[in-house]
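These notes concern the structure reproduced below.
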């Protein structure tokens, strides 16, 4: 049997038995010729290899009303050595043939008095339940969500949500001083970054990965002078990870004594803290170091019988061991009969992606992230070319079945609920299968056309085992950019961290672009208003000019008409009779505004029209004045113009008054 299957058997054996010491596990498996079922059964029955040697099976005994965990000693002979844990007390051993008594009949019922602010509640729970179950019962009493509970007075060593209460060695009566994480200015991160407008605050997100691989994000609201050590202590209280077992990512070279304002860590930044037991490749590397040559070569024929007949041979790795896969990890071979995510003959991208989603779900038991069912052009239009308020980055997933990381990445990253939810809320997700050369060429042409040559060249240079890839495409100042490439050998927490950081970067640029667009709109609106005002002013000036010109034309026309009327009236006007001529009358016309007096002689047989023609020749147009007699007072302009002076009795002389209308 090859080395990898034995590593898998060892990993499965540890998961099923809870034993942590590698040497002890290997010895038990060797006793049963690496038969996983027999070894697990032997552990649960307290049997090692059927002889009288003492076993190292965990034993629970009740001593002074406390349940004490035993059996974590890695030595079969029970001699103290360097592998003994400081916090484990050795009570006794179980001889061959003895059975382990851990039934529910011996389980104690623990009582917890929960003190939260001015409220006191009581919780009863079996010691066989987990810490998480206890938190759920507390939440029912005090209405503090599970993920916001902080047990202030629990000073025991590291524990997590899956820890059994009996393993904490608690007495029957307990007091919990409860605090809400939200009250401590720290709350669960909801995947939506918010900016602090208070210069005295330093928002920070910490992704905490426990020893089982589960990632819990915390959002902390700190002071700028908070030191790195204080942050570590804070996370020790929140996540129950001792400082000496914390592995940090994203500190950018900061030391424990550095204050946040002295580091390169930015506000709203994201850090990752991991339990030292969950560092990438730890279990795999430790396994390889502890496997002896005899353990890897013994019973070769028996090992061959344990090989599966599946077409796909993939090393099954635990959730908390999905790190950067080493080059020695067993390769994945794809049989010709396996249905690809996207067959070569699919030319319609909508049908291709529907097939991708269907096959993905049948393979991995999850539909995975919500796919954009359309072309890459359409995905870009929906994500990066949408309105500035609804714009989102584009995540392009590229799958290759020939990669050793393909199945692990799909099953334990893309099928993860937190990844699916975050992508759905913050990204537009598009995918393609590049397993075949035809689909790979088609993708590179599409990337070159839609995103750019640089993106297509970077993807084209990737080797088979670099896949799967998650390309993060963003837009800055109107240009598309390949913001990040997430490779398939990344852990779930690294993928989520990268997605969050990429989205934060995109969101900052989007807000900046939004501010610029708002300023541009204001400038354009101001410019339009100024142009409108100028246009209105220009139109008003033009209208005034046109009115003035029209008035000038009309005035000129009136002048010309008056002049013509004057000429015509003057031509019709008979000569003024002599002073010595008989049957004449003398008219004296007083002009308005002290303009003077007009005097002329007329014949008695002349009619009023002759008088009007005279006045017209003098520049007084009929219709612009009244011509009044003194006594009796009459307006001659209202009388018949054919009446003569004699008929009107305007002789031998008469004084008339001309009034302008």
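Residue numbers (the working numbering): 1 to 661.
Glycine residues also receive a C-beta, built at the ideal position from the N, C-alpha and C atoms.
- Per DSSP, the beta bridge partners of residue 396 are 430 and 471.
- One Cα belongs to residue 372, the other to residue 237, and the distance between them is close to 42 Å.
- For residue 351, the enclosing alpha helix (DSSP H) has its first and last residue at 349 to 364.
- In terms of Cβ geometry, residue 402 and residue 464 form a close pair [threshold 8 Å].
- Nearest C-alpha to residue 503 among 462, 395, 555 and 556: 395.
- For residue 570, no beta strand (DSSP E) encloses it; the enclosing alpha helix (DSSP H) starts and ends at 492 to 572.
- Counting C-beta pairs closer than 8 Å gives three or more between the stretch 411 to 423 and the stretch 494 to 501, which meets the contact rule.
- Nearest C-alpha to residue 428 among 531, 471 and 412: 471.
- The residue from 487, 539, 33 and 393 with its alpha-carbon nearest to that of residue 408 is 487.
- When rounded, the separation of the alpha-carbon atoms in residue 570 and residue 541 is 42 Å.
- According to the DSSP secondary-structure assignment, residue 485 is paired through a beta bridge with 471.
- With contacts defined by Cβ atoms closer than 8 Å, residue 161 and residue 130 form a contacting pair.
- Around the C-beta of residue 658, 16 or more other C-beta atoms lie within 10 Å, and the residue is accordingly described as buried.
- With 16 or more other CB atoms across the displayed protein chains lying within 10 angstroms of its CB, residue 368 is buried.
- Taking residue 621 as reference, the option from 564, 588 and 605 with the minimal CA-CA separation is 564.
- By the Cβ criterion, the stretch 218 to 235 is in contact with the stretch 258 to 271, since at least three pairs of Cβ atoms, one from each stretch, lie closer than 8 Å.
- If you draw a straight line from the Cα of residue 257 to the Cα of residue 232, it comes to about 11 Å.
- Within the same chain, 340, 341, 342, 356, 399 and 439 come within 7 Å of residue 433 by CB-CB distance, once the 5 residues on both sides are set aside.
- Pairing residue 654 with residue 588, the inter-Cα distance amounts to about 6 Å.
- The beta carbon of residue 36 sits closer than 7 Å to those of 9, 12 and 13, all from its chain and outside the five residues before and after it, given in chain order.
- For a cut-off of 8 Å, the C-beta gap from residue 615 to residue 651 is around 18 Å, too long to register as a contact.
- Between the alpha carbons of residue 441 and residue 412 lies a gap of roughly 28 Å.
- In this structure, the CA atom of residue 34 is about 29 Å from the CA atom of residue 167.
- Non-local C-beta neighbours of residue 627 in its own chain, meaning closer than 6 Å and more than five positions away in sequence, comprise 636, 637, 656 and 658, ordered along the chain.
- C-alpha of residue 174 to C-alpha of residue 272: approximately 33 Å in a straight line.
- Residue 533 and residue 523 have their C-alpha atoms spaced approximately 15 Å apart.
- When secondary structure is reduced to three states using DSSP, residue 609 falls in the helix class.
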